[in-house]
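Residue numbers (our numbering): 29 to 238. Where is the CB? At the ideal position from N, CA and C, for every residue including glycine. Keep in mind it's a predicted model, so treat the numbers as computed, not measured.
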Amino acid sequence: MTEHLTHVTHPLVQHKLTLMRQQDTSTAVFRQLLREISQLLAYEVTRELPMTTKRIDTPLEPMDAPTLDGKKLALVSILRAGNGLLDGILELIPSARVGFVGLYRDEETLQPVQYYFKVPTEMEDRLVIAVDPMLATGNSSVAAIDLLKKSGAKNIRFLCLLAAPEGIARMKEAHPDVPIVTAAVDSHLNENGYIVPGLGDAGDRMFGTK
Ligand code: URA
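Here is the structure:
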């Protein structure tokens, strides 16, 4: 990917996102929409995966058919909201390896605090797709990418649902080599670090917590 930011404007993505934003959308419907939208976003973020060919036999004749090249890609969920994107993408790419980065946001400083980190081996040879629905301040995203780079990852993409201009700028400054794919760029962050107009707390909305 050459662009630092890819805004996925596909009508299905935009329609589903509007349903997700609405405050009266139930937890069950929110989760289902997130699953569906994650697959559409995954289509975009994997658009330029390296390909090779392999010799196969169709019922009619042999052919050199396209197939994915290289090591299995790694999906890394930034807990806990990342799991909502992860599930749908894994349905589409079932052989992907999976990692988790546990960061919570200190509600006062808005700074990320790490509590879990587990990723696949040979990160340096994989395309790594880090997933988190909300790119808000960018603090936790930048911290997660720092950790992934420390684990050896060199080819990283960041997939989110909503991004704030502040988070995009912070990511671009800290990790200009990490392309971002998002379904929307919203107006701004409020004083509590929430994306406006946004959709509220993505984790609470998908897990039914408060
Ligand atoms: N995390 C969320 O879940 N929502 C926001 O608006 C910002 C960060």
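Collapsing the DSSP output to three states places residue 130 in a strand. Here residue 203 carries a coil assignment [DSSP, helix/strand/coil].
Looking at the DSSP output, residue 144 sits in a beta bridge with 130. Around the Cβ of residue 116, a 10 Å sphere holds 16 or more other Cβ atoms; the residue is buried.
Between the alpha carbons of residue 233 and residue 86 lies a distance of about 46 angstroms. Within the segment 61-138, the complete alpha helix (DSSP H) segments of 4 residues or longer fall at 110-120, listed in chain order. Relative to the non-hydrogen atoms of the ligand URA, the Cβ of residue 110 never comes closer than 7 angstroms to any of them. Here DSSP, grouped into helix, strand and coil, assigns residue 162 to strand. C-alpha of residue 124 to C-alpha of residue 101: approximately 5 angstroms in a straight line. As a beta-bridge residue in DSSP terms, residue 156 pairs with 102, 184. Contact annotation, residue 207 with residue 29: C-beta distance approximately 4 angstroms; criterion of less than 8 angstroms satisfied. A residue is called buried once 16 or more other Cβ atoms fall within 10 Å of its Cβ, and residue 148 is buried on that count. According to DSSP, residue pairing for residue 46 in a beta bridge does not occur.
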